[in-house]
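Sequential numbering from 34 applies to the sequence shown in this note's numbering. From the three backbone atoms N, C-alpha and C, an ideal C-beta is built for every residue, glycine too. Predicted model only: the values in this text are computed from it and were never measured. Everything on this sheet refers to the single structure shown next.
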Amino acid sequence: MSKLIVVSNRLPFTVSESEEEFSFTQSSGGLVSGLNGYVKERRERSELDCVWVGWPGSEVSAHLHGQLKSTALKLHSAHPVMLTAAQVEPYYHGFSNKTIWPLFHYLPSYAVYDESHWEAYQKANAVFRDSILEILAPGDTVWIHDYQLLLLPKMIRDAAPETSIGFFLHIPFPSFEIFRLLPSSWRKEILEGMLGADLIGFHTHDYTHYFLRSVYRTLGFEHNLGNISMGDKIVRADTLPLGIDFKSFHDGSTDPEVLKEKAAISENLNGLRLIFSVDRLDYTKGILQRLYAFELFLQSNPEWRGKVVFNMVVVPSREEVDQYHRMKKDIDELVGRINGAYGRMHWTPILYEYRSLSHAHLVALYGLSDVALITPLRDGMNLVAKEFLASRADGTGVLILSEMAGAARELGEALIVNPNHTSEVSQAILIALQMPREEQIRRNLPMQVRLRNQDAFRWATNFQNTLSEVLGSQKKMSAKHLAPEAKAELMSRYGKAGKRALFLDYDGTLIPFASHPQLAQPDDDLMETLKRLKADPANHVYVISGRKKETLQAWFGDLGIGLIGEHGVWIRDPDSEWRLTKPLSVEWKPNLMPIMSSYVERLPGSFIEEKEYSIAWHYRNSEQELGSQRAKELMDHLLQFTVNLDVQVMEGKKVIEVRVSGVNKGNAAELCRLALNPDFIFAVGDDLTDEDMFKVLPVSAYTVRIGMKPTFAAYNVSDYQEVRSLLRGMAMSRT
């Protein structure tokens with residue numbers, strides 16, 4: 034049976050080593066609870082074999098590595114990644130938590146750009162790769178999680194290209210203006226690393242959008258509805274918000290241990306209304322801002338003094354990091370000041386606990402709290418908000434939730450606040466405490482239904498189902514790839530044919546794109562290949578291009594091959610003169626040239642290329658996102674202006690072209706084919722203008738498009754180099 038390999042920075046337990054014996058302490062957290070339920074149910078149905086890969090939380094003696102791996106696999110279906118303390122410090126505490134964490138949470142002033150940390154991050158991801166390869170088998174699926182392993186998907190892809198790979202980011206993905214603060218080589222490698230996956234998941238549409246925009250701005254890959262075309266591969270970025278184990282929290286409210294905790298807490302409350310929050314110690318959680326808001330609430334609403342208590346739990350985390358240590362000190366001082374200013378003999382406004390809570394105590398607090406105050410400055414999701422709602426079996430309680438938390442996209446019935454606006458949060462506390470029971474239930478019920486239906490099991494199932502869809506789409510696309518078997522058949526038919534027609538697009542097909550059209554001149558290797566193809570009397574070779582006939586003549590005129598210019602306007606048969614495919618007019622050009630020229634002024638780096646019967650506006654050298662925006666504007670402008678003109682507006686690769694109607698590469702290729710009546714046809718191109726050619730040629734023709742994109746061509750290839758290799762093979766097999 035193939036298996037699911039779940040990969041995260043930490044295993045769902047911590048390993049302790051003592052006298053060559055191991056003890057395992059179970060971990061908690063949204064990812065652990067979410068995946069454990071999914072894996073457990075699938076195993077019970079005999080549908081899934083799963084191995085969890087991750088760091089065991091401590092350095093293990095080298096001579097015990099083998100023993101730990103076998104024990105962890107047997108007892109916990111886990112495969113530990115052996116990192117030393119010297120590796121963990123710069124990889125995890127360094128780059129992961131001093132660079133990626135603050136930057137992706139919109140706190141760039143906290144980010145550290147240390148080259149040694151980056152190198153350690155690269156090496157640690159490689160260690161994870163090597164650990165996965167130890168257990169990876171054909172047919173396995175690898176599901177990688179979170180910001181510590183952004184480079185890992187590509188590393189696995191490079192080592193095992195056929196592996197099904199999913200990646201999920203559990204923290205925000207920032208806007209491009211934040212992401213670009215990373216050094217250019219780092220951000221490029223990070224995006225390429227993530228794109229090694231087949232499916233990349235995010236909690237919210239915003240994060241997905243920001244990722245796609247960064248991919249386009251950094252790497253130039255466009256997307257269609259989240260599907261990113263990368264040469265010979267399609268990768269999907271999708272929004273798949275993480276849920277919780279709803280049943281566990283909902284049913285847990287009546288668990289005997291929870292009821293016991295509730296009784297103890299209620300006795301201590303002595304009738305006070307309870308506001309509750311729980312956070313890991315982190316500068317992204319908005320703890321200080323929350324305290325200021327509660328202080329303002331007490332100041333503005335003296336009638337509530339002595340009637341409400343704020344139980345604020347902070348779970349220890351990363352105290353060795355300077356910012357966290359300073360924040361802990363600031364929290365301690367602020368809590369002391371507020372309690373000192375407003376407290377009374379028998380009433381302390383803030384009950385501050387700096388510790389971890391048991392599950393039973395946490396569920397008890399959820400169930401007793403009148404208000405949950407969840408106000409992070411930035412959060413990928415925030416499952417505490419969901420857990421609070423799930424624990425309210427009677428539907429009561431009020432959730433105050435930061436609009437900066439990913440969960441706010443799903444929990445719109447909560448009181449949504451800006452955590453930086455102290456008075457807004459303070460006012461929300463007052464509204465929450467005064468909210469009638471009926472209004473609480475009216476708000477909470479639809480959120481509970483939503484959370485029940487979209488729980489952690491559903492999240493994991495949806496991710497795996499979406500991954501299967503992506504793999505299915507890739508399989509359909511790869512079925513059109515010119516595989517070795519199809520290539521062998523093509524070469525066999527080529528060798529047997531008595532008369533052949535070869536229609537070869539130029540830019541992007543025979544040669545890569547250049548910054549300016551005149552820089553993309555044919556190299557010696559291409560010229561030699563074309564000469565060899567021409568030397569075979571059975572071959573009739575046509576270079577078919579959007580370029581001017583003068584350019585094609587200058588480059589290829591001495592070869593004696595066929596040339597087709599301006600997308601089919603001009604044809605020059607081998608060893609003959611240029612001719613128009615039909616009578617054409619250019620009366621429209623003076624009217625359209627000013628419009629297209631105005632867009633050169635609006636977009637730095639763009640330029641006009643005027644031909645006899647067409648005008649092209651190129652923006653390949655412009656800033657990509659602005660270029661795409663201006664191209665859409667120009668398309669709309671031209672389509673409106675040319676509605677009554679006998680012209681066609683076409684969009685190509687980084688170019689908008691206006692040309693006369695009724696003339697295209699397809700018409701020109703068909704004229705040549707009818708004149709030749711060949712028994713073998715090969716046509717290759719790379720963009721939309723070549724689709725006209727693919728559509729008109731007979732089904733027996735070998736039509737090929739570069740890139741894994743929907744096409745009328747019978748086959749796809751990866752790039753121009755694959756085309757050149759194929760043509761060299763034809764040239765060398767001269768009959």
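Inset, instruction - Determine the direct distance from the alpha carbon of residue 105 to that of residue 46, and round the result to whole angstroms. - result: 10 Å
Inset, instruction - Count the other CB atoms, across all protein chains shown, that sit within 10 Å of the CB of residue 287; report buried if there are 16 or more and exposed otherwise. - result: exposed
Inset, instruction - Please state if the CB of residue 72 and the CB of residue 37 are separated by a distance shorter than 9 Å. - result: yes
Inset, instruction - Identify, in the order they occur along the chain, each residue of the same chain with its Cβ nearer than 8 Å to the Cβ of residue 102, setting aside the five sequence neighbours on each side. - result: 112, 113
Inset, instruction - Please state whether DSSP places residue 768 in a helix, a strand or coil. - result: Annotation note: pLDDT 49 at residue 768 (below 50); position unreliable, no value reported.
Inset, instruction - Out of 647, 645, 653, 626, state which residue places its alpha-carbon closest to the alpha-carbon of residue 639. - result: 653
Legend entry - Bridge-paired residues (DSSP) for residue 595: 575
Legend entry - Close-in-space but distant-in-sequence residues of the same chain around residue 302 (CB under 8 Å, 5 per side omitted): 342, 401
Legend entry - the region 509-528 contacting the region 548-560, beta-carbon criterion three pairs below 8 Å: Judged by Cβ distances under 8 Å, the region 509-528 makes no contact with the region 548-560, as fewer than three pairs qualify.
Inset, instruction - Quick one: grab the DSSP three-state call for residue 58. - result: It is a strand residue.
Legend entry - beta strand (DSSP E) runs wholly inside the region 425-449, at least 3 long, in chain order: Correct list: 431-435.
Inset, instruction - Drop a sphere of 10 angstroms on the beta-carbon of residue 754, count the other beta-carbons inside from all chains shown, and report buried for 16 or more, exposed for fewer. - result: exposed
Legend entry - residue 170, buried or exposed, once every other Cβ within 10 Å from all chains shown has been counted against 16: exposed
Inset, instruction - Could you check the C-alpha separation between residue 644 and residue 530 for me, to the nearest Å? - result: 37 Å
Inset, instruction - Identify which residue in 241, 467, 327 has its Cα closest to the Cα of residue 456. - result: 327
Legend entry - Backbone secondary structure at residue 758 - three-state DSSP: helix
Inset, instruction - Following the continuous alpha helix (DSSP H) through residue 244, name the residue where it begins and the one where it ends. - result: 238-252
Legend entry - Enclosing beta strand (DSSP E) for residue 130 [first to last residue]: No beta strand (DSSP E) holds residue 130; DSSP gives it neither H nor E.
Inset, instruction - Would you be able to state if there are at least three C-beta pairs under 8 Å between the region 389-406 and the region 351-366? - result: These segments do not touch.
Inset, instruction - Go ahead and label residue 379 buried or exposed: buried means 16 or more other beta carbons lie within 10 angstroms of its beta carbon, across all protein chains shown. - result: exposed
Legend entry - Inter-residue Cα distance where the pair is residue 296 and residue 392: 16 Å
Legend entry - Expected contact under 8 Å - CB spacing of residue 91 and residue 49 to nearest Å: 6 Å
Inset, instruction - Going by CA-CA distance only, name the one from 219, 675, 651 that's closest to residue 664. - result: 651
Inset, instruction - Output the distance between the C-alpha atoms of residue 609 and residue 539, rounded to the nearest integer angstrom. - result: Rounded to whole angstroms, the separation of the alpha carbons of residue 539 and residue 609 is 20 Å.
Legend entry - Euclidean distance between Cα positions of residue 312 and residue 462: Residue 312 and residue 462: Cα-Cα distance of roughly 18 Å.
Inset, instruction - Could you give the DSSP three-state label for residue 629: helix, strand or coil? - result: DSSP places residue 629 within a helical segment (H, G or I) once states are collapsed to three.
Inset, instruction - Can you tell me which of 398, 357, 346, 358 puts its alpha carbon nearest to the alpha carbon of residue 388? - result: 346
Legend entry - Sheet register partners of residue 257 (DSSP bridge): 260
Legend entry - Nearest-angstrom Cα separation, counted from residue 601 out to residue 740: Rounded to the nearest angstrom, the two C-alpha atoms are 23 Å apart.
Legend entry - Coarse secondary structure for residue 492, derived from DSSP in three states: helix
Inset, instruction - Return the CA-CA distance between residue 504 and residue 231, expressed in angstroms with no decimal places. - result: 7 Å
Legend entry - Endpoints, the beta strand (DSSP E) within which residue 474 is located: Note, residue 474: premise wrong, no beta strand (DSSP E); alpha helix (DSSP H) at 470-486.
Legend entry - Span of the beta strand (DSSP E), counted from its first residue to its last, around residue 605: Residues 603-605.
Inset, instruction - Check each candidate in 424, 321, 222 and name the one with the smallest Cα separation from residue 485. - result: 424
Inset, instruction - Report yes if the C-beta distance between residue 234 and residue 201 is below 9 Å; otherwise report no. - result: yes
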